[in-house]
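These notes concern the structure reproduced below.
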Amino acid sequence: MESGFPAAVFTLLGELPKETWCGSDLYNLEGFWYASSLLPAIMAARSNFRANDCDVFLTSSMKTGTTWLKAIIPTIMNPVGRTNDDGHDPLLKHHPNELMPSLEAQLFKENPNPDLSDMSCPRLFRTHVPYHMLPETVKNSACKIVYITRDPKDTFVSLWHFFNSLITAEGNDPWPMNEAFESFCRGVHVFGPFHDHVLGYWKESIKRPEKILFLRYEDMKKDPKEQLRKLACFLGKPLEKEEEVDRVLWRCSLERLKHLEVNQRGVDPWLGFDYKFYFRRGSVGDWKNNITDEMKEKLNRVTATKFEASGLGF
Ligand code: A3P
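According to my numbering, the sequence shown is numbered sequentially starting from 16.
So this is what it looks like as structure tokens:
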């Protein structure tokens, strides 16, 4: 960690509630759990980031389909994405993480005051922080926020597979699924509690639908064309021709991205994660292959209790 972060941040870390999760320390700040390696960056971004009206923010809890949108949003916003010029498609050489930089995992990770002046409009960013942790100017400027969420059971299974793959690839023992599940149900996981994360953005999206577009992975899978058109209109870049819609969906498809060399062999330079772990099955209802009926019922009960009266359901 760079010394540019105020010492008070590290003092604060020592005072926060702490839990061990998948072999790492998580700290609870204002009701949410954060990795110790990202918390200073999250706090710096909250204080120091200044949004422009042209910015687009992709927000999500982890493993809800963010990578799909990290590919789709730049493709919609970038004129190259709309042409049939496949040779210049940035996705050929870049994992989607590189096209929508993360506030906490990239831009502010090692510098509490990064110089973003060479980024041109429209600037595209992503973050996993809950709504209340967004920098004030993100909430109050005219920039757009896209939020994606997913059935909690599939989110949990995807989260377990992802972190289990990371730690076993490093030669560690597998992460016991029961342990991961109990933590998820208690809301203890990176950027958790999942349900509170969803509720924060959901409530804001109802108040300000022109500001926050709330998407679900299941809807994207069921009717990708309709969801893509809705997203493009929200971003002020409507896709008028059927062939444009088809091209964006093909370019950003799991089948295509997962087989590109950059995604098979590349490693995220900021987090050290193999890019291949971001692409797995991408199916709705994969929880049925992974968790027991008892686990399903338990997580369904947590979801019903948390989302009661919100109008949200899965
Ligand atoms: P599974 O683990 O269920 O397969 P995130 O991108 O937020 O980390 O979410 C990861 C999930 O999105 C994984 O789900 C992954 O397979 C899926 N995914 C990644 N890229 C995708 C794409 N282009 N289209 C559809 N799903 C995708």
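Yeah, the Cβ is synthetic: ideal placement off N, Cα and C, and Gly gets one too.
Under 8 Å between C-beta atoms of L250 and V24: no
Can you check the stretch 195–253 for any alpha helix (DSSP H) of at least 4 residues that lies completely inside it and give the ranges in chain order? 209–222, 232–237 and 239–249
Can we count M310 as close to the ligand A3P, meaning its CB is less than 7 Å from some heavy atom? no
Terminal residues of the beta strand (DSSP E) in which R141 lies: L139 to T142
Verify the contact flag: T26, CB atom, against every heavy atom of the ligand A3P, threshold strictly below 7 Å. no
In the DSSP output, which residue or residues are listed as bridge partners for T164? R231
Span separating the alpha-carbon of E312 from that of S298: 20 Å
Taking DSSP as the reference, what is the three-state secondary structure of D169? helix
R141 burial status per 10 Å Cβ neighbour count (16 or more: buried): buried
Compute the beta-carbon to beta-carbon distance between A66 and P150, rounded to the nearest angstrom, for a pair I have assumed lies under 8 Å. 7 Å
Which listed residue (R271, K245, S268 and F171) has its alpha carbon closest to that of V205: F171
Please check the pair L275 and L107, which I expect to be a contact at CB under 8 Å, by giving their CB distance rounded to whole angstroms. 7 Å
Extent of the continuous beta strand (DSSP E) run through V71: V71 to S75
Taking C-alpha atoms, which residue in W48, S268, N126 and E225 lies nearest to T90? S268
Spatial neighbours of P330 within its chain, please: CB distance less than 6 Å, with the 5 preceding and 5 following residues excluded, ordered by chain position. Given a span of 16 to 329 for the chain in the structure shown, any question on residue 330 remains unanswerable.
For W83 and E257, what's the separation of their Cα atoms in angstroms? 20 Å
Does G215 pass the burial test, meaning 16 or more other C-beta atoms within 10 Å, or should it be called exposed? buried
Roughly how many angstroms separate the alpha carbons of K154 and S180, rounded to a whole number? 35 Å
DSSP beta-bridge partners for V282? D289
Would G80 and M310 be called neighbours here (beta carbons separated by less than 8 Å)? no
Backbone secondary structure at N193 - three-state DSSP: helix
Out of G19, A22, A50 and G38, which has the shortest C-alpha to C-alpha gap to P32? A50
In terms of alpha-carbon separation, which member of F196, W285 and K273 lies closest to P167? F196
Under 8 Å between C-beta atoms of D289 and A120: no
For E34, three-class secondary structure by DSSP: strand
Report the rounded CA-to-CA distance for F322 versus R231, giving the unit in angstroms. 15 Å
With the cut-off set at 8 Å, would you say K78 and S173 are in Cβ contact? yes
Looking at H176 and the ligand A3P, is the gap between the Cβ and the nearest heavy atom below 7 Å? yes
So, for F177: in the same chain, excluding its five sequence neighbours on each side, which residues have a beta-carbon less than 7 Å away from its beta-carbon? K78 and F292
Any heavy atom of the ligand SAH within a distance shorter than 7 Å of the CB on W83? Within the structure as shown, the ligand SAH is missing, the only ligands being the ligand A3P.
Ends of the beta strand (DSSP E) at S39? S39 to L44
Taking C-alpha atoms, which residue in H109, P137 and S220 lies nearest to P94? P137
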